[in-house]
Amino acid sequence: MQQPDGPSPHRRTGPGVQSQKETAVSNIRQNDQHRPDDRGPAQRPPYQGAPANALPLTASEDRQWATMAHFGGILGFIPSMIIYLVFRDRGPFTAQESKEALNFTLPPTIIAMVAWLLSFIPVIGWVFAILNALLWVAIAVSSVVAGIECNRGRPYRYPLNLRRIQ
């Protein structure tokens, strides 16, 4: 059976006549513009905004994050920097101790990175490799000692700390 070319004889065509598809799309658009409960145009809910400042840390959480800032010194300055930036406004002990840990770990981490790069130099690279290893051991031992003291609730001050971040 062949379909006739052109419009079907059973369909109305012409200006002002909508197909079923066009009618369905038009109905959907009209329904989207009105809510069933109020006959006005649909509106987006008001913007709720960002949440208020985070809650302050409890005493045990404050001590815990301060301890983690010191223990993070084993990995370099990044853990103490993250803890300082995230928790400095939420707990005074965490702010003080993470700043102390950041001040202590930042310069030796930079020196260790430079020593690691210089360790690839032929002939004298072994000197920088040994320096790098000794520096990381010193940072790790100091960080563990500081973390233990901080976990006991006592502030810790590193000897030979530049304290550049105020």
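Oh and the sequence shown: position 47 is 47 in the UniProt record's numbering, straight run, nothing missing. Ideal Cβ positions, reconstructed from N, Cα and C, are used throughout, including at glycine.
Rounded separation between R163 and P46 - CA only: By one-based count along the sequence shown, residue 163 stands at place 163. By one-based count along the sequence shown, residue 46 stands at place 46. Answer to the nearest angstrom: the Cα atoms are 46 Å apart.
When burial is assigned at 16 or more other CB atoms within 10 Å of the CB, is T109 buried or exposed? On the sequence shown, residue 109 is found 109 positions in, with the first residue counted as 1. Buried, by the Cβ-count rule.
Please return the same chain residues whose Cβ sits closer than 6 Å to the Cβ of E97, not counting the five positions on each side in sequence. Counting from one through the sequence shown, the residue named residue 97 turns up at place 97. Closer than 6 Å at Cβ, skipping near neighbours: A66, A69, C150.
Please report how far the alpha carbon of R63 lies from the alpha carbon of L131, in whole angstroms. Residue 63 sits at position 63 when you count from the first residue of the sequence shown. Residue 131 sits at position 131 when you count from the first residue of the sequence shown. If I take the Cα positions, the gap works out to 33 Å.
Closest to S80 by CA distance: which of P56, Q48, L160, G147 is it? On the sequence shown, residue 80 is found 80 positions in, with the first residue counted as 1. Nearest to S80 by alpha-carbon distance, out of P56, Q48, L160, G147, is G147.
Which residue from Q43, R152, F71, A59 puts its Cα closest to that of T105? The count along the sequence shown starts at 1 and reaches residue 105 at position 105. Of Q43, R152, F71, A59, the residue nearest in Cα terms is F71.
What residue from I78, I121, V141, T94 has the CA that sits closest to T58's CA? Within the sequence shown, numbered from 1, the residue matching residue 58 stands at position 58. The alpha carbon of T58 has as its nearest neighbour, out of I78, I121, V141, T94, the alpha carbon of T94.
Which word fits A138, buried or exposed, when buried means at least 16 other C-beta atoms lie within 10 angstroms of its C-beta? Mapped onto the sequence shown, residue 138 falls at position 138. Exposed, by the Cβ-count rule.
Give me the residue from L55, R44, Q43, A115 with the minimum Cα distance to G91. Along the sequence shown, read from residue 1 onward, the residue named residue 91 stands at position 91. It is L55.
What does the Cβ neighbour count give for N53, buried or exposed, with the cut at 16 atoms within 10 Å? Stepping through the sequence shown from its first residue, residue 53 is reached at position 53. In summary, N53 is exposed, with fewer than 16 beta-carbon neighbours lying within 10 Å of its beta-carbon over all protein chains present.
Tell me where the alpha helix (DSSP H) around T94 begins and ends. As a working mapping, residue 94 is identified with position 94 in the sequence shown. Counting along the chain, the alpha helix (DSSP H) containing T94 begins and ends at 92-118.
Between E100, L135, G153, which has its C-alpha nearest N161's C-alpha? Start at 1 with the first residue of the sequence shown, and residue 161 comes out as number 161. The option with the nearest alpha carbon to N161 is E100.
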